[in-house]
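Student:
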């Protein structure tokens, strides 16, 4: 099994603190940021950053649905890490200042992919598909926090 990684980033015209707070608000703002690829969103514990346990289903393709149960940690300032209890998938959100009133948001997801030919296709196409999904999330985030 080879590790698969998908990374997307964007500069958003809002303070890093406001952007991070929106991302960490699993009980409110976060659900509004999810495109149609996500379903069955439910906060099971917490709801604000560290200590949150959140569930959703992610339909990355017409044939592939991931049932995710994510534990959220904040290992450093401006960083949220979502570890899926149901798989090897880990998503890290980093928010850093990017000049006056702007922030850079970087989303990086890694997981252990399949081996063989299936793994080749997963490593080739999954990052692009996930990148498109994250672009939609970042579009909604920008709409939510930009003034």
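In the numbering used here, the protein residues as written are 1086 to 1232. Ideal Cβ positions, reconstructed from N, Cα and C, are used throughout, including at glycine. Note that the structure is a prediction, hence the values are computed from the model and not measured.
Please name the residue in 1104, 1107, 1180 whose C-alpha comes closest to that of residue 1163.
Tutor: Residue mapping note: residue 1163 aligns to position 78 of the chain shown, counting from 1. Among 1104, 1107, 1180, the Cα nearest to that of residue 1163 is on 1180.
Student: Which complete alpha helix (DSSP H) runs does the region 1095 to 1130 hold, if anything under 4 residues is left out?
Tutor: Here the runs fully enclosed are 1101 to 1109, 1114 to 1118.
Student: Pairing CB atoms from the region 1099 to 1110 with CB atoms from the region 1224 to 1232, are three or more of them under 8 Å?
Tutor: These segments touch.
Student: Classify residue 1164 as helix, strand or coil using the three-state DSSP reduction.
Tutor: On the chain shown, position 79 is the one that residue 1164 refers to. Of the three classes helix, strand and coil, the one that applies to residue 1164 here is strand, per DSSP.
Student: Between the alpha carbons of residue 1174 and residue 1140, how many angstroms are there, rounded?
Tutor: Here the question's residue 1174 lines up with position 89 in the chain shown. Here the question's residue 1140 lines up with position 55 in the chain shown. Rounded to whole angstroms, residue 1174 to residue 1140 spans 13 Å at the Cα level.
Student: What residues match up with residue 1192 in a beta bridge as DSSP calls it?
Tutor: In the chain shown, counting from the first residue as 1, residue 1192 sits at position 107. The partner list for residue 1192 (beta bridge, DSSP) reads 1093, 1178.
Student: So which of 1110, 1113, 1123, 1088 has the shortest CA-CA distance to residue 1218?
Tutor: Within the chain shown, the letter at position 133 stands for residue 1218. For the residues 1110, 1113, 1123, 1088, the minimum Cα distance to residue 1218 belongs to 1123.
Student: Out of curiosity, what's the CA-to-CA distance linking residue 1114 and residue 1132?
Tutor: Mapped onto the chain shown, residue 1114 falls at position 29. Mapped onto the chain shown, residue 1132 falls at position 47. Cα to Cα, the separation comes out at about 10 Å.
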